[in-house]
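Chains A and B, in that order, are what the protein sequence lines are. Be aware that the first sequence starts at 49, since it is given in the numbering used here, and climbs by one per residue. Be aware that the second sequence starts at 1127, since it is given in the numbering used here, and climbs by one per residue. For glycine and all other residues, C-beta sits at the position ideal for the given N, C-alpha and C. The structure appears below as C-alpha cells.
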Amino acid sequence: MYNDNCCIQTNKEGYEMVMLDNKHVFWEALVIALFVLGIGVFAGMFIEGSRVDKISNMYQDSELNLLEINLQSDIISMNFSDCDSLVESNINFGDKIYQYAKILEKYQSSAVLTDSLIKEHKKYDLLRTRFWINSIKIKEECKNPFHTVVYFYDYNTGDIDKNSKQAVFAQYLKELKDRTGNEIMLIPIARNMGLTSLDLLIKKYNVEGTFVLVDEKLVVNSTDQLKLIDNAI
Amino acid sequence: MEILPIIYSIYMFIAVYFLSFYTILYVKNRKNLLDCPKLTKHYSLSVLIPAYNEEDSIEATVNAVLKSDYDNISEIIIINDGSKDKTLEIARKLEQKYDIVKVLNKTNSGKADSLNQGIKIANGELIAVVDSDSFPREDSIRKLIGFFDDPKTGAATCPVLARNREGFIEELQAIEYTLVAIGRKLLECVGAVYVTPGPLAMYRKTALRDIGGFDPKNMTEDIEATWHLAANGWDRKMCLDTKVTTIVPSKLAVWFKQRQRWSMGGMQIIWKYKSYFLKKGIVGLFLIPFFSLSLLLGFVGLGVFSYLMITRIIKEYLIIKMSFITSTSFFTVDNFYFVPSILNYVGALLLIVGAIYTLSLLFIMEEDIFKRRKAMRIIVYMLFYTALYPCIMITAVYKLIKKDMRW
C-alpha cells in the first residue's frame, strides 16, 4: 500500500533523500484513535455515572422526605396534629421535587452512553405519583389548602408537534407556579415510563398524550384550553 | 444508544484517526519534508501552457517560465484553445520574441484535449504543464527534475499557493491552499499524492504515453491523470521547498463554480476507478476509500445538519405560534441552560486540537498567522469555509445526474 521507494531515494551523485518507512502509520493512527475512543467512552461513563449518583442521592433524600410527609399525614388522620405543618412540608417537598425534575430532564438530554438515568426517571415518576396521591389525601384531611396541578407528559418523544406542545405546556405551568406560589402543587409526571400503577390512575381520565389535571377534575389537553387552569384556581 | 450520538461518535473517531495519521506522518518525516533530490541529469523539458481567454495573465506566466533557473527547457508551447480574447495575439508576439516559445492554435476543445495535442508535438523527455494563470517560482522547475532520476517516478509537483490575497475570499483560499500543500506532501510519505495540479505538474513523457494522455471526458484532468499514473504503478512526488502561485477566484460565484467542477471531477474519477476499490495498490487501498469516505461524510453530515436545522426551525415556529395563543414566553433564560454530554466535551476538544493542528501547519509553511486580521480569517476558514464543501458536493451531484458538464 505504501510506496516501497519512499524509504531511501538515491540518485547518481549519491545524494540520498531519506524518507522514513511510513507503512505503519495507518495502524498507529488506528491505535491512537481507538485509544482516544476508549478514553472517551470511559470518561463518558464516569461523567454520566457521577450524574446518576447525584440524582440517586437526591432521590434518597426525597424518598425520606416523602416518608415523613406520609407519616405526618397518617398522624393527622388520627387527629394528633394540625394541618399547617403538614401543608408546609408538602409544599416544600413539592418545590424540591419540581426542581429535581428540572435537573433530571437536563441531565437526561446529555446522557448518550448509558440508560441508567431512565431508571432514575422511573423512580422519580413513582415518587411523584406517590406524592400526588399523598397530596390528594392531605387536601381531603385539611380542607383543600392548595390545588394539585399534575402535568402528564411523554418522556423523550421524537414527535415535533408533541415536543413543541410540551414545551409550551411546561412554560405555561412554570409561569403559573411563579404567579401562584404555594397556592398550587405542580407535579410533572412522565406518563410513558411503563409504570402500571400510573397507567391505572391515568386510565380513569381516558386522555391520550400530554394533559394537565387540575384538582383531579379539570382535564386540559390542548394549548388553547390552558387558560382554563387559571380560571380553576 | 440513539442514532445521532452514534453518528457523532463515528465522525469524531474518523477525525481523531486522520488527525493522528497526519500528525504521526509529520512527526516521523519532519526533518525530511523540505528535501528534494539534487539536479544531476539535465533532461530536456517541454513546457505546455494551455490557454483559453487568458489575455490578462498569459504573458506573465510565460515570463515566469522563462525566468526559470533550469537550463534545459527546450520549448514552451502555448496552446491556444480557441480563445475569444487577445490571448492568441499575445502568444504570437511572445513566439516572435523568444525562440523557445511556440504557439499551437486550435479550435476550442477543452484543456485535456489541448494538452494531449501539445504532448504529441512536444520533444522533451519531460513535460511540464503550467496553467496560464499560474506563476512558477524561479527554482520550482529545477527542483522537480531530480525526482525523475528514479525511473519509477511518473509525475512531480510542488505547493500551489494563492497569488492574490487581498480580498476576504482570496485570503480564505490562501489558507486552504497552504494547508492542502503540506497535506499533500505528508500524503507523499505514504505514496498517496492524489493530484499533480495544473498550476505546475511535471510528467515523464513515457508515463503520459502509458496512460494515453489526459482524459478529455473528465472535468479534473489533472487528478484523473495522477490516479491513472498511480493505477499503472508510477510514483508521484512532491517538493515542498518551492512553490507555484496561481490566481484564485475573487468572486464567490466563480469560486463556487470552480469547486463544483472539482467536486464533479472527483466523483467522475471515483466512479471511473470503482473497480479498483480495496483491490489494487494505492488507488484501491487508499485513494478511493479516502475520497469516497470524504464524500460520504460530507453527504451524511449535511443530511444530519439539515435534519437538525429543519426540525429545530419547525419546533421553534410551533412553540412561538402556540406561545402567542397562550400568552407565555417563548424565549427564557432556560433556553441557554445546557448540560454538556461527553460528545460535547470530545467535540470541543477536537475543535481545539484541530485548531492547534491547523495553526501549526500554517506556521510550518511560514504563513504569518499571528496577524490579527489573519487570525480572524483562520477562524472563519475552520468554522464556515470548510462547512461549505458538502453544499458544493450536493450541487455537483445534481449537475452530474443532469449530465450538465458546463462550467
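Starting from the beta carbon of residue i, find every residue of chain C whose beta carbon is closer than 7 Å, and list them in chain order.
| i | result |
| --- | --- |
| Y201 (chain A) | Checking the listed chains, one finds no chain C in this structure; the protein chains it contains are A and B. |
Using a 10 Å radius around the Cβ and a threshold of 16 neighbouring Cβ atoms, would you call residue i buried or exposed?
| i | result |
| --- | --- |
| T271 (chain A) | buried |
| V1153 (chain B) | exposed |
| A1501 (chain B) | exposed |
| S1160 (chain B) | The sequence as given places Leu at residue 1160 (chain B); Ser does not occur at that position. It is exposed - the Cβ of L1160 (chain B) has fewer than 16 other Cβ atoms within 10 Å. |
| F200 (chain A) | buried |
| H1354 (chain B) | buried |
| E61 (chain A) | For E61 (chain A), the predicted model reports a pLDDT of 44, less than 50, meaning its position is unreliable and no value from the coordinates is stated. |
| S1194 (chain B) | buried |
| M65 (chain A) | The pLDDT assigned to M65 (chain A) is 47, lower than 50, so where the model puts this residue is not dependable; a value taken from the coordinates is nonetheless given after this. Buried is the call here. |
| Q57 (chain A) | For Q57 (chain A), the predicted model reports a pLDDT of 48, less than 50, meaning its position is unreliable; a value from the coordinates is still stated below. Flag for Q57 (chain A) reads buried. |
| I1478 (chain B) | exposed |
| C55 (chain A) | Confidence at C55 (chain A) is low in this model, with a pLDDT of 42, below 50, so its placement is unreliable and the value that follows should be read with caution. That one is exposed. |
| P193 (chain A) | buried |
| D52 (chain A) | For D52 (chain A), the predicted model reports a pLDDT of 39, less than 50, meaning its position is unreliable and no value from the coordinates is stated. |
| Y50 (chain A) | With a pLDDT of 35 at Y50 (chain A), under the threshold of 50, the modelled position of that residue is not reliable, and the figure given next carries that caveat. It counts as buried. |
| F94 (chain A) | exposed |
| I232 (chain A) | buried |
Given a cut-off of 9 Å, decide if residue j and residue i are closer than it, judged by their beta-carbon atoms.
| i | j | result |
| --- | --- | --- |
| G92 (chain A) | S1146 (chain B) | no |
| I1202 (chain B) | I1175 (chain B) | yes |
| L1151 (chain B) | N70 (chain A) | yes |
| A1238 (chain B) | D1341 (chain B) | yes |
| E1072 (chain B) | R1362 (chain B) | Chain B is shown only over 1127 to 1533; residue 1072 (chain B) falls outside these bounds and no answer can be derived. |
| V1256 (chain B) | L1220 (chain B) | no |
| S1200 (chain B) | G1244 (chain B) | no |
| I103 (chain A) | E168 (chain A) | yes |
| L1419 (chain B) | M1519 (chain B) | no |
| Y1443 (chain B) | Y1148 (chain B) | no |
| N1344 (chain B) | G1391 (chain B) | yes |
| L1298 (chain B) | V1506 (chain B) | yes |
| V1286 (chain B) | K1228 (chain B) | no |
| L134 (chain A) | E189 (chain A) | yes |
| V73 (chain A) | V1316 (chain B) | yes |
| F1144 (chain B) | L85 (chain A) | no |
Residue i and residue j look like a contact to me (Cβ under 8 Å); what is the Cβ gap, rounded to whole Å?
| i | j | result |
| --- | --- | --- |
| R1289 (chain B) | I1373 (chain B) | 5 Å |
| T1346 (chain B) | R1387 (chain B) | 7 Å |
| S1109 (chain B) | E1180 (chain B) | Beyond the ends of chain B as shown, which are 1127 and 1533, falls residue 1109 (chain B); an answer cannot be given. |
| I281 (chain A) | H195 (chain A) | 5 Å |
| L1487 (chain B) | L1305 (chain B) | 6 Å |
| D202 (chain A) | R239 (chain A) | 6 Å |
| E111 (chain A) | L165 (chain A) | Contact flag wrong, Cβ pair sits at about 17 Å. |
| L114 (chain A) | R178 (chain A) | 6 Å |
| A1522 (chain B) | S1389 (chain B) | 4 Å |
| W1397 (chain B) | A1281 (chain B) | Actually they are not in contact, since the Cβ atoms of W1397 (chain B) and A1281 (chain B) sit about 22 Å apart, beyond 8 Å. |
| G1236 (chain B) | P1163 (chain B) | Between P1163 (chain B) and G1236 (chain B) the Cβ distance is about 34 Å, and since that is not below 8 Å, they are no contact. |
| V260 (chain A) | L221 (chain A) | 7 Å |
| G1137 (chain B) | L1423 (chain B) | Correcting the residue type first, residue 1137 (chain B) is Tyr in the shown sequence and not Gly. About 7 Å; that satisfies the 8 Å criterion. |
| I117 (chain A) | N138 (chain A) | 6 Å |
| T1371 (chain B) | F1294 (chain B) | No, T1371 (chain B) and F1294 (chain B) are not in contact; Cβ-Cβ is about 19 Å, not under 8 Å. |
When DSSP builds the beta bridges, which residues end up paired with residue i?
| i | result |
| --- | --- |
| F1261 (chain B) | B:T1371 |
| I181 (chain A) | Partner(s): none; I181 (chain A) has no beta bridge. |
| A1288 (chain B) | B:T1372 |
| F1382 (chain B) | F1382 (chain B) pairs with nothing; no bridge assigned. |
| K1228 (chain B) | B:I1203 |
| D1361 (chain B) | B:T1279 |
| A1105 (chain B) | For chain B, the structure presents residues 1127 to 1533; residue 1105 (chain B) sits outside this window and is missing. |
| M1328 (chain B) | B:A1254 and B:A1282 |
| T196 (chain A) | A:M233 |
| F259 (chain A) | A:F200 |
| L1171 (chain B) | B:I1199 and B:L1252 |
| V267 (chain A) | A:L261 |
| A1141 (chain B) | Bridge partners of A1141 (chain B): none, in fact. |
| A1072 (chain B) | The first residue shown for chain B is 1127 and the last is 1533, placing residue 1072 (chain B) beyond what the model contains. |
| A238 (chain A) | A:Y201 |
>> Closer than 8 Å between beta carbons: that is the criterion. Which residues of the region 189–213 of chain A meet it against chain B?
In response: Hits within the stretch, in order: I208, D209, N211, S212 and K213.
> In chain order, what residues of the region 156–173 of chain A put their CB closer than 8 Å to some CB of chain B?
Replying inline: For the region 156–173 of chain A, residues whose beta-carbon sits nearer than 8 Å to a beta-carbon of chain B comprise S157, S158, A159, V160 and L161.
>> Can you pull out the residues from the region 1381–1401 of chain B whose beta carbon lies closer than 7 Å to at least one beta carbon of chain A?
In response: If you check each beta-carbon in the region 1381–1401 of chain B against every beta-carbon of chain A, none falls closer than 7 Å.
> If contact means a Cβ-Cβ distance below 7 Å, which residues of the region 1229–1246 of chain B contact chain A?
Replying inline: Of all residues in the region 1229–1246 of chain B, none places a beta-carbon less than 7 Å from a beta-carbon of chain A.
> Using Cβ-Cβ distances below 7 Å, what residues of the region 1293–1315 of chain B are close to chain A?
Replying inline: Under the 7 Å Cβ criterion, the region 1293–1315 of chain B contributes C1315.
> Which residues, in chain order, does the region 1132–1161 of chain B contribute to contact with chain A at a C-beta distance below 7 Å?
Replying inline: Within the region 1132–1161 of chain B, the residues whose Cβ lies closer than 7 Å to some Cβ of chain A are F1139, V1142, Y1143, S1146, F1147, I1150, L1151, K1154, N1155, N1158 and D1161, listed in chain order.
> At a Cβ cut of 8 Å, what residues of the region 107–124 of chain A count as close to chain B, listed as they run along the chain?
Replying inline: Result list empty, no residue passes.
> Which residues, in order along the region 1340–1374 of chain B, keep a beta-carbon less than 8 Å from a beta-carbon of chain A?
Replying inline: Listed by position, the residues of the region 1340–1374 of chain B near chain A (Cβ gap below 8 Å) are D1361.
> Given a limit of 8 Å on CB to CB distance, which residues of the region 142–154 of chain A reach chain B?
Replying inline: Across the region 142–154 of chain A, CB contacts with chain B closer than 8 Å involve K154, in sequence order along the chain.
>> Tell me which residues of the region 216–250 of chain A have at least one Cβ-Cβ distance to chain B shorter than 7 Å, keeping chain order.
In response: Within the region 216–250 of chain A, the residues whose Cβ lies closer than 7 Å to some Cβ of chain B are V216, Q219, Y220 and E223, listed in chain order.
>> Taking beta-carbon pairs under 7 Å, can you tell me which members of the region 1463–1481 of chain B lie near chain A?
In response: If the cut-off is 7 Å between Cβ atoms, the region 1463–1481 of chain B has Y1463, V1465, P1466, S1467, I1468, L1469 and V1472 near chain A.
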